[in-house]
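Undergrad:
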Amino acid sequence: MMRKKLSQLGVKKGFKVVFSPETIDKEAVRIEEGQNKKSTVGTISYMPPLFGCFIASEVIRELTAE
Numbered sequence: 032m033m034r035k036k037l038s039q040l041g042v043k044k045g046f047k048v049v050f051s052p053e054t055i056d057k058e059a060v061r062i063e064e065g066q067n068k069k070s071t072v073g074t075i076s077y078m079p080p081l082f083g084c085f086i087a088s089e090v091i092r093e094l095t096a097e
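Numbers given in my numbering equal positions in the sequence shown, counted from 1, plus 31.
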């Protein structure tokens, strides 16, 4: 959401980000009738907090760099 909003505001670079270059298997993405979601593709429960830790470690390194 943040990346999308920044893009709408014309901000294309200048922020460090954590992302996964992993590609999604096209067969795993399918429309689920009668549900509010368009895909069955999700994330492992520990992945968002893990990415948060990577971001936090980068911030700490930047703040403590001399």
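Even glycine gets a Cβ: it sits at the ideal position worked out from N, Cα and C.
Could you give the distance in angstroms between the alpha-carbon of Lys-57 and the alpha-carbon of Gly-73?
TA: Answer to the nearest angstrom: the Cα atoms are 13 Å apart.
Undergrad: Please report how far the alpha carbon of Val-60 lies from the alpha carbon of Glu-53, in whole angstroms.
TA: Looking at the two C-alpha atoms, the distance is approximately 14 Å.
Undergrad: First and last residue of the alpha helix (DSSP H) that includes Gly-83?
TA: From DSSP, the alpha helix (DSSP H) with Gly-83 extends over 78-95.
Undergrad: Alpha carbon to alpha carbon, how far is Leu-94 from Ile-55?
TA: Each residue's alpha carbon lies about 35 Å from the other.
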